[in-house]
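Residue numbers (mature numbering (1 follows the signal peptide of the UniProt record, and there is no 0)): -25 to -1, 1 to 410. By construction, the Cβ of each residue, glycine as well, lies at the ideal position given by its N, Cα and C atoms.
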Amino acid sequence: MVGTRSLLGAFAVAALVAATATATAWSGGLGASAAAADVGAAAATAGCGRAPTLASGTHSIQSSGRTRSYLLKVPDNYDSNHPYRVVFGFHWLNGTATDVATGQTVQRDVWSYYGLLRLANNSTIFVAPQGLNNGWANSNGEDLTFVDDMIRQLDAGLCVDTTQRFAVGFSYGGAMSHAIACARPTVFRAVAVQSGGLLSGCSGGSQPVAYLGVHGIRDGVLNISGGRALRDRFVRNNGCTAQSPPEPSQGSLTHRVTTYSGCSTGHPVVWAAFDEGHIAAPQDGATGDSGTRTWVPGLVWSFFTQFEGSTPSPSPTTPSPDPTTPSPGGGACRVSAAVNAWNNGLTEDITITNTGSSTINGWSLAFTLPGGQSIVSGWNATYSPTSGQVTARNVGYNATLAPNASMSIGFQATHTGDTAKPGSFTLNGAACTVA
């Protein structure tokens, strides 16, 4: 498992501290090639409309005088006339590109690419770069240059949507994602920084970019105070209203998600704090990582996919109401639910898939809880009432659900003996298939 006990021991902590000093001292310029790909101006890449020159597997590239490598996952039934979203997944210290691509350190396949591969349903190109010395020190900006070079190769060989590039990473990988937010804010649409720190530098760092931060309140490797500082840079850059978001209490084994208000259009900031340590796939109601029960992939995926077909505006506007009012009709949908129960408590993970041909803008999912069950907390949705016939409604960052896309929501509840899951679900008033 990826966690404090197995991932980063005393040696790794020392290495991270040393890397912080090295990376913070460096400041470099924006790569010329990647800088030209402005997030506000969609353009078909050279790889569109032609046979792909890249396939799934390991690829090598020359960058800053070194041979670097990355793992690539191209969607099944790839269509060269369709521009694809691209997600870069950066590994942690002493992790590997293979760890990210397979998900093997948490749960093989289920946690591939930080759990996003299974949610993407062949809608996205995934990239797992390999760091030098299994880290992302980014000395003299060489890892940023590596990213620029990968982008150039991907754009030439595949059909890429230049407005839909994203970065996600845990620990050192989170630090690298933060460095990308600082130095490539017009190249990447959004980043997700999981339990990161200022380890890979922050060249630039004054422009807005959509930012999601996730951090454990009991992180003994990279203290949550550092994660808050990374977040607050983009609270300022994005013009959001400053606040101290609520965080769960120690011992609660829950998480709290806050969407900042007042942010400039297209540049949201979301903060998720959880009651655990330095782990990558936290779950509510239990300790340690879990590939199937973690709420993080659903949060990250919803955050990334909200930008599909949109571009940011440079000026702040009044935020739309939260949650979004659902559009009429529900379209075709599929829902799967999984329950993990103990004594008098349980958690339920719900995955919603849009099986229709139209994008859902604003959603509400209705279902009936068995007698004796009562919701005490939830994630990725608001829930009302807490028992009986319940309606889960989208929150600000996951109102949109594209065709064939999925999102995960869930809740923690008490029970008096009946731990069954709901037998049926309706999305915006239309019955869903139950998987």
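- Judged by pairs of C-beta atoms under 8 Å, the region 200 to 217 touches the region 236 to 248, as three or more such pairs exist.
- Around the CB of residue 355, 16 or more other CB atoms lie within 10 Å, so the residue is classed as buried.
- In the DSSP assignment, no residue is bridged to residue 151.
- In this structure, the beta-carbon distance from residue 166 to residue 242 does not fall below 9 Å.
- Counted as a single uninterrupted DSSP element, the stretch harbouring residue 100 is not any alpha helix (DSSP H) but the beta strand (DSSP E) occupying residues 99 to 104.
- Take residue 224, set aside five residues on each side of it, and the residues of its chain with a beta-carbon closer than 8 Å to its own are 250, in chain order.
- Below 8 Å, too few C-beta pairs join the region 356 to 371 and the region 308 to 317 to call them touching: fewer than three.
- Beyond the five residues adjoining it in sequence on each side, residue 349 comes within less than 7 Å, by CB distance, of 361, 362, 388 and 389 in the same chain, given in chain order.
- In this model, residue 216 and residue 321 are separated by some 35 Å (Cα to Cα).
- Rounded to whole angstroms, the separation of the alpha carbons of residue 393 and residue 137 is 49 Å.
- Approximately 6 Å separates the beta-carbon atoms of residue 275 and residue 187; this is inside 8 Å, confirming the contact.
- Nearest in C-alpha terms to residue 76, of all of 60, 51, 53 and 105, is 105.
- Fully enclosed alpha helix (DSSP H) runs of no fewer than 4 residues occupy 199 to 212 of the region 180 to 246, in order along the chain.
- Sequence-distant partners of residue 269 (beyond 5 residues in either direction) whose C-beta falls short of 7 Å from its own C-beta, in its chain, are 90, 256, 257 and 258.
- With fewer than 16 neighbouring CB atoms inside 10 Å of its own CB, residue 218 falls in the exposed class.
- One alpha carbon belongs to residue 228, the other to residue 261, and they sit about 6 Å apart.
- Residues of the same chain with a CB within less than 7 Å of the CB of residue 25, apart from the 5 flanking positions on each side, are 55 in chain order.
- Secondary structure of residue 127 (DSSP, three-state): helix.
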